[in-house]
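To start, the structure under review is shown below, and the notes come after it.
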Amino acid sequence: MAAFTVLGGSGFIGSSLVRQLQSQRFSCWSPRRDENVLNRPLGHAIYCIGLTADFRGRPWDTARAHVVRLLEILEKGDFTSLLYLSTTRVYEGGESAGEEDPLYLHPSKPDALYNISKLMGESLCLSSGRADVRIARLSNVYGGDFSADSFLSYIVRDAVAQGKVILQSAMTSEKDYVHIDDVVRLLPQISLSGRHRLYNIASGVNTTNRALMEVIQRVTACAVEVADGAERAVFPTICIDRIRDEFGFVPLRILDGLGDMITEYRRRAGGP
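Next comes the structure, spelled out in structure tokens:
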């Protein structure tokens, strides 16, 4: 049985991945942040270390998480394979979102630090000279953790707890959402048998704010407002041909499960 090490196992994705690996009876080690990972074999390492919503106020921590710690493990770590978790945000501004498509970056934009640091991590992986080092670009991951500071968690919490959602982006804004269950099922498969160096993990379908809010309003009867000056944000449709062809991937659809997600939040919050 293969042995895995989940680096960043205390976060949303990392902790979900640990549970998935344990349910499949894999040997799994999730080291503490202060634990030395360079003095023992790591087996199949999955690098989940990273910052999300608070990266703008923590530039040094962002670079350390996405680049510096990774560099140490690539240079000195004893691993069978390594899978680095990156982001589909790097496709922002492009016309397409396939793994080999060109990327367009503007260092002065608010999200530039996050995207560029992730791409620096990717570049280190691809420059390592090891075919067993791979990259997974994750879309907007949802499900399971309502404490996560994500757009979807925010609107579900406010719809249920406040009875009102104020959107900071236009109703016509759209992006891709992928369920955490899909993510954690795919990551071990890519680690063990991935034929490519780079994979998108996404649903392959963009969903508009309007479509999300129609479901949320139907289930919660909440009010919805759009903030003054809210802009339309649209990402290119993410290509998932690789994971479909290689792993037979069929994604969960966010609109099919959003009602159940709201019900689960109500249950955890102790509401009706």
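Numbering (my numbering), first residue to last: 29 to 300.
Where a beta carbon is used, it is the ideal one built from N, C-alpha and C, also for glycine.
All of these numbers come straight from a predicted model, not from anything done at the bench.
Between the alpha carbons of C250 and I194 lies a distance of about 11 Å. Under the rule that a run must span 4 or more residues, the alpha helix (DSSP H) segments found entirely inside the stretch 99-183 read 140-154.
Linking I41 to C76 through their CA atoms gives a straight-line distance of about 7 Å.
When G39, D89, S44, L98 are compared, the shortest CA-CA separation from V65 is found for L98. The C-alpha of I208 lies about 6 Å from the C-alpha of Y170. For I282, same chain residues with a beta-carbon under 6 Å away, outside a window of 5 residues either side, are Y205, T235 in chain order. At a Cβ-Cβ threshold of 8 Å, G78 and L113 count as neighbours.
Secondary structure note for L35: its beta strand (DSSP E) is the uninterrupted segment 31-35. I144 and E150 have their C-alpha atoms roughly 10 Å apart. In its chain, beyond the 5 residues on either side, A255, A258 have a beta carbon closer than 8 Å to the beta carbon of Q196. Put simply, of Q48, A30, M29 the residue whose alpha carbon is nearest the alpha carbon of G37 is Q48.
Under the three-state reduction of DSSP, G42 is assigned to helix. Residue state for T236 is assigned as strand, using DSSP reduced to three classes.
Judged by DSSP in its simplified three-state form, L49 adopts helix.
Fewer than three Cβ pairs drawn from the stretch 171-188 and the stretch 216-230 lie within less than 8 Å of each other, which leaves the two stretches out of contact. Judged by pairs of C-beta atoms under 8 Å, the stretch 112-132 does not touch the stretch 180-187, as fewer than three such pairs exist. The straight-line gap separating the alpha-carbon atoms of S201 and R260 is approximately 5 Å. Taking C-beta separations shorter than 6 Å and ignoring five residues to either side along the sequence, the partners of Y119 in its chain run A125, P264, following chain order.
Here DSSP, grouped into helix, strand and coil, assigns I229 to strand. In this structure, the alpha-carbon of D269 lies about 38 Å from that of A297.
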